[in-house]
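To start, the structure itself, in C-alpha cells.
There are 2 protein chains.
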Amino acid sequence: MDIAQLGDKILTGDRRALARAITLVESGRADHRAQATALLEQLSSARRQAMRIGLSGTPGVGKSTFIEAFGMHLVGQGLRVAVLAVDPSSSRSGGSILGDKTRMERLSRERNAFIRPSPSQTHLGGVARRTREAVALCEAAGFDVVLIETVGVGQSETVVAEMSDLFLLLLAPAGGDELQGVKRGIMEMADLILVNKADGDLKPAATRTCADYAGALRLLRKRPQDPKEFPKAMMVSALQEDGLVTAWDEMQALINWRKENGFWEATRANQARYWFDQEVRQALLARLDAPEARAMMDSLSSNVADGAMSPSAAADQMLRGHLKV
Amino acid sequence: MDIAQLGDKILTGDRRALARAITLVESGRADHRAQATALLEQLSSARRQAMRIGLSGTPGVGKSTFIEAFGMHLVGQGLRVAVLAVDPSSSRSGGSILGDKTRMERLSRERNAFIRPSPSQTHLGGVARRTREAVALCEAAGFDVVLIETVGVGQSETVVAEMSDLFLLLLAPAGGDELQGVKRGIMEMADLILVNKADGDLKPAATRTCADYAGALRLLRKRPQDPKEFPKAMMVSALQEDGLVTAWDEMQALINWRKENGFWEATRANQARYWFDQEVRQALLARLDAPEARAMMDSLSSNVADGAMSPSAAADQMLRGHLKV
Chain A
1 MDIAQLGDKI
11 LTGDRRALAR
21 AITLVESGRA
31 DHRAQATALL
41 EQLSSARRQA
51 MRIGLSGTPG
61 VGKSTFIEAF
71 GMHLVGQGLR
81 VAVLAVDPSS
91 SRSGGSILGD
101 KTRMERLSRE
111 RNAFIRPSPS
121 QTHLGGVARR
131 TREAVALCEA
141 AGFDVVLIET
151 VGVGQSETVV
161 AEMSDLFLLL
171 LAPAGGDELQ
181 GVKRGIMEMA
191 DLILVNKADG
201 DLKPAATRTC
211 ADYAGALRLL
221 RKRPQDPKEF
231 PKAMMVSALQ
241 EDGLVTAWDE
251 MQALINWRKE
261 NGFWEATRAN
271 QARYWFDQEV
281 RQALLARLDA
291 PEARAMMDSL
301 SSNVADGAMS
311 PSAAADQMLR
321 GHLKV
Chain U
1 MDIAQLGDKI
11 LTGDRRALAR
21 AITLVESGRA
31 DHRAQATALL
41 EQLSSARRQA
51 MRIGLSGTPG
61 VGKSTFIEAF
71 GMHLVGQGLR
81 VAVLAVDPSS
91 SRSGGSILGD
101 KTRMERLSRE
111 RNAFIRPSPS
121 QTHLGGVARR
131 TREAVALCEA
141 AGFDVVLIET
151 VGVGQSETVV
161 AEMSDLFLLL
171 LAPAGGDELQ
181 GVKRGIMEMA
191 DLILVNKADG
201 DLKPAATRTC
211 ADYAGALRLL
221 RKRPQDPKEF
231 PKAMMVSALQ
241 EDGLVTAWDE
251 MQALINWRKE
261 NGFWEATRAN
271 QARYWFDQEV
281 RQALLARLDA
291 PEARAMMDSL
301 SSNVADGAMS
311 PSAAADQMLR
321 GHLKV
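Protein chains in written order, with full-length UniProt numbering: chain A, 1 to 325; chain U, 1 to 325.
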C-alpha cells in the first residue's frame, strides 16, 4: 500500500481511502502498525480538527434513532459527520454496535456522512487506540463533527470521554427511583444529558426524568470548564426530531465558550498527555504477553499456587531474572 | 534488627514482635523490603493457616461494634483473633479506620486479640501487599482467625476478597429501594450478608432488608464454591450480641464444606496466582517512577500536549529509547 498516496486521498475527503486507513489502524500486524504511524504523522501536519462528540447510552434509550436524526440535522446544515463506535464487548456478544448500517438507513446513504462499526476486539486498550486514531483520520478527511458512540460497558465511557470535546449522555424516560441506575461517575462526565423519547405517552415521564437529572446535576461539584448553565439536562424526541436544533445550539454554545476561555485547548492537551501515559503503560505490560515471558509466568505461577514460593518472591524472580528490571 | 530472632518470637505468638514485623512489611525502604522478604520466607515453612475473614461495610453499619462483639465471642471460644484494616483512603481523609483502638475497647484489651490499624498510604497496590503480608505474619503468629476489614472505597473490596477465605458484607436496615445502593459486584463477592442493628425499633426494617437481600442473592449466578444454602443473608445485632453464635456456625459450616470439597485449597492457590500476577504488573509499571524515567515522561508529555508528537509516537520513543522494550 502506498501510504503517501492514501494520505493524499484522505485529505481530499475520499471515504473509501478513509475506510481503508481505519482498517489499517485496526490491524495488529507490526508492518501495518508502522504504516499507520507514518500515515498519522503525514496527516497530522494538516492540523484539521473536528468537534468530537462522545455519546453514551445503554441499549434501549434510542441511540441509533438519535444518531440518525441528529446526524441528518447536521448534514442538513452542510456539515460532514462521521460516526464511530467503541464497544469492547462486541466480540463477546457476537454482534457489534453499528454493525448493521440499516440501523441508520438514511444517514448511511448520505454523501457527507461516514459510519464505521466497532471492530471486534475485546481488549479495551486496543479499542481505545484504534478509535483515537480513527478520530484523527476522520479529522484529516475534513469531517466537521465526529460522533463517538458507546454502550456503557465497563470503562468504555471513560475511554470515549477522554477523546471527546463534549460528552452526551442519552437517557430514556423512567421512574424517579431509577436515577440511581446511572453511575455517578458517568453523570460527572456528562456535559449534556438528553432525555430521549419525550413524545406521546412518555412525555410526562420524560419531563419528570429530565427534572430529576437536572436536580442531580446541580448537586455535582462545579467543573472549571463549565459555563454557568452547564452541565444541563434537556428533552429530545429523536423519533419526532424534536429538540435536536436546540440540542445542537447548546453544544455549539458550550464549545464556543470553552474555546474562548482556553478550556478547549487545555482539555485536548490533557487528553493527549493521558493517552501517551496509557500507551506507555500498556506497552510495558505487553511485555508479559511475549511467549517466553508467558512461559516463565506460568511456571512461576504454578510454584506460587503450590505454596512453594510466595507471590512476592516469585515476582522478584520474574522481574530480576527474566524481565531484567 | 535480627530477623531470625524476630521470626522465632513471632512463632511463639509474641504480639510485640508481630507488631514490629508488620511495621517492617509496611516500610518502603529497600533494606526493610529485603528483610521483610527474608522474614516471610522463614515463617512460611511453619505453614500455619488461619481462617481469613474479609469484612466490608460502609460507615454507619456498625462495623466496629460488630468486630468487637464478634471478636469477643471468638476469644471466648478460646480462639486467637487478629483484626487488620484495608483503607486506601486513610491518608486522604486524615484518619484511618481502626486508628482509634477505643473503638474496640474490650477487644483491644484481650490477650488473645491483636488489632492493627490501616497504614496511611494511598496506593492501593502497596496497601494490598502490606495487608497480604500482615495476614501471613498473623498466621505465623498462631492466630486462628484473621479479620480483614474494609470500608468500601473503590477497589478495596476486591483486594480484601482476594485474600480472604470467606467474605462478609455488613449492612444496616434500610428501605427496600436502597437495595441498589450496594454495588452488584460487591454482592457477588459476599458469602454471607449480615444485616446488623436487628434490634429495637429497627428490627422490622432489618427483617425486611434481610428478606430483600436474600431475594437478591437468589438471583445471582451460583458459584461452584458455594454449598446449597450459600451465599445467604441473616440478621445480627452486634449491640445486643444477638445472632453472632449462629453467624459463626454458618461461617464454620461454609469453610468446612469448602475444605472437604477442595474449594478452600483451590481458592488459596488462585489467590496466590492472582497476587503474583499483580506484583509483576505493579513492579513493571513502577519503572516509570524512577527519576530518569519520570523526567523523560514529562518531557515527552509536553511534546504531546503541544501537538508536536502524537501519543503513540511519543510512547514508542519512551519504550524503545528509554525503557528499552
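Ideal placement from N, C-alpha and C gives every residue a C-beta, glycine not left out.
Every value quoted in this text rests on a predicted model; they were computed, and no experiment measured them.
Going by Cα to Cα distance, which pick from the options is closest to residue i?
i	options	result
A:Met-234	A:Asp-31, A:Ala-69, A:Arg-20 and A:Asp-191	A:Asp-191
U:Met-189	U:Asp-199, U:Val-151, U:Pro-231 and U:Arg-218	U:Pro-231
A:Pro-311	U:Ala-283, U:Arg-294 and U:Gln-77	U:Ala-283
U:Pro-224	U:Arg-258, U:Arg-208 and U:Ala-238	U:Arg-258
U:Arg-320	U:Met-296, U:Asp-87 and U:Asn-303	U:Met-296
U:Asp-8	U:Arg-130, U:Glu-41 and U:Val-25	U:Glu-41
U:Glu-241	U:Ser-45, U:Leu-6 and U:Gly-62	U:Gly-62
U:Gly-200	U:Tyr-213, U:Lys-222, U:Ala-238 and U:Gln-5	U:Ala-238
U:Leu-24	U:Ser-45, U:Met-1 and U:Ala-46	U:Met-1
I'd like the list of long-range same chain contacts for residue i, defined as Cβ closer than 6 Å, with 5 residues on each side in sequence excluded.
i	result
A:Arg-82	A small fix is needed here, since residue 82 of chain A is Ala in this sequence, not Arg. Around A:Ala-82: Phe-114, Cys-138, Phe-143 and Val-146.
U:Leu-219	none
A:Thr-12	none
A:Ala-128	Val-159
U:Glu-110	Val-75
A:Ile-3	Gln-35, Ala-38 and Leu-39
A:Ala-161	Gly-54, Phe-167 and Met-189
Return the CA-CA distance between residue i and residue j, expressed in angstroms with no decimal places.
i	j	result
A:Leu-202	A:Val-245	21 Å
A:Thr-158	A:Gly-60	21 Å
U:Leu-74	U:Leu-107	10 Å
U:Gly-285	A:Leu-323	Gly is not the amino acid found at residue 285 of chain U; the sequence shown has Leu there. If I take the Cα positions, the gap works out to 12 Å.
A:Gly-28	U:Gln-278	26 Å
A:Arg-92	A:Ile-186	Here the model assigns A:Arg-92 a pLDDT of 38, short of 50, so the residue's position is not dependable, and the following value carries that caveat. Using only the alpha carbons, I get a separation of about 23 Å.
U:Ala-315	U:Thr-58	40 Å
A:Glu-149	A:Val-135	12 Å
U:Asp-31	A:Ala-293	28 Å
U:Ser-112	U:Arg-15	Just to set this straight, residue 112 of chain U is Asn in the shown sequence, not Ser. Straight-line Cα distance between these residues: approximately 9 Å.
U:Asn-256	U:Ser-164	15 Å
A:Ser-156	A:Ile-193	18 Å
residue 361 of chain U	U:Phe-167	The requested residue 361 of chain U is not part of the displayed model; chain U covers only 1 to 325.
A:Met-309	A:Ala-290	23 Å
A:Arg-281	U:Val-304	16 Å
A:Leu-170	U:Leu-79	55 Å
A:Gln-252	A:Arg-52	12 Å
A:Phe-276	A:Arg-132	12 Å
U:Pro-204	U:Gly-54	27 Å
A:Asp-87	U:Gln-5	56 Å
A:Ala-216	A:Trp-264	25 Å
U:Arg-47	U:Pro-227	27 Å
Can you list, in chain order, the residues of its chain whose CB lies under 7 Å from that of residue i, leaving out five sequence neighbours each side?
i	result
A:Ala-206	Pro-173, Val-195, Lys-197, Ala-198 and Met-235
U:Ile-10	Ala-17, Leu-18, Ala-21, Leu-43, Leu-137, Ala-140 and Ala-141
U:Ala-50	Cys-138, Glu-139, Phe-143, Asp-144, Val-145 and Val-146
A:Gln-317	Leu-300
A:Asp-100	Reliability of the predicted coordinates at A:Asp-100 is poor, the pLDDT of 49 falling under 50, and the value obtained from them is presented with this limitation in mind. Closer than 7 Å at the Cβ level, and outside the excluded window around A:Asp-100, lies no residue.
A:Asn-270	none
Closer than 8 Å by C-beta to residue i: which residues in its own chain qualify, once you throw out the five before and the five after it? Chain order, please.
i	result
U:Glu-260	none
A:Arg-116	Ala-19, Ile-22, Ala-82, Val-83, Leu-84, Ala-85, Leu-98 and Ala-134
A:Ala-247	Phe-70, Leu-192, Leu-194, Met-234 and Val-236
A:Glu-104	A small fix is needed here, since residue 104 of chain A is Met in this sequence, not Glu. So the list reads Ser-64, Ile-67, Glu-68, Gly-71, Val-83, Leu-98 and Ile-115, once near-sequence residues are dropped.
U:Gly-95	Low confidence applies to U:Gly-95: its pLDDT is 40, below 50, so where it sits in the model is not reliable, and the reading given next is rough at best. Cβ neighbours of U:Gly-95 beyond the five flanking positions: none.
A:Tyr-274	Glu-162
Provide the residue(s) that pair with residue i in DSSP beta bridges, ordered along the chain.
i	result
A:Gly-215	DSSP, once it has assigned bridges, lists no residue as partnering A:Gly-215.
A:Val-81	A:Ala-113 and A:Val-145
A:Lys-232	A:Leu-192
A:Ile-53	A:Leu-147 and A:Leu-166
U:Leu-171	U:Val-195
A:Val-86	A:Thr-150
A:Ser-299	None; A:Ser-299 has no bridge partner.
U:Ser-237	U:Asp-242
Indicate whether at least one CB of chain B lies closer than 8 Å to the CB of residue i.
i	result
A:Met-187	Absence of chain B from the displayed structure is noted, the protein chains being A and U.
Residues, ordered as in the chain, of the region 262-275 of chain A that lie near chain U by beta-carbon distance below 7 Å = So the list reads Ala-269, Ala-272, Arg-273 and Trp-275, given in the order they occur along the chain.
Residues of the region 276-300 of chain U whose Cβ lies closer than 9 Å to any Cβ of chain A, in chain order | Of all residues in the region 276-300 of chain U, only Phe-276, Asp-277, Gln-278, Glu-279, Val-280, Arg-281, Gln-282, Ala-283, Leu-284, Leu-285, Ala-286, Arg-287, Leu-288, Met-297 and Leu-300 come within less than 9 Å of chain A when Cβ atoms are compared, listed by chain position.
Residues in the region 214-227 of chain A with C-beta within 8 Å of chain U's C-beta atoms, listed in sequence order?
-> none
Which of the residues in the region 140-169 of chain U, read from start to end, lie with their CB under 7 Å from any CB of chain A?
-> none
Using a Cβ cut-off of 8 Å, which residues of the region 41-59 of chain U contact any Cβ in chain A, in chain order?
-> For the region 41-59 of chain U, which is checked against every Cβ of chain A, the residues closer than 8 Å are Glu-41, Ser-44 and Arg-47.
Listed in chain order, which residues of the region 19-37 of chain A have Cβ atoms closer than 7 Å to some Cβ of chain U?
-> Thr-37
Chain U contacts from the region 306-320 of chain A (Cβ-Cβ distance under 9 Å) | Asp-306, Gly-307, Met-309, Ser-310, Pro-311, Ser-312, Ala-313, Ala-314, Ala-315, Asp-316, Met-318 and Leu-319
In the region 58-83 of chain U, which residues sit with their C-beta less than 8 Å from some C-beta in chain A, listed in chain order?
-> none
Using a Cβ-Cβ cut-off of less than 7 Å, give me the residues of the region 248-261 of chain U that come near chain A, in sequence order.
-> none
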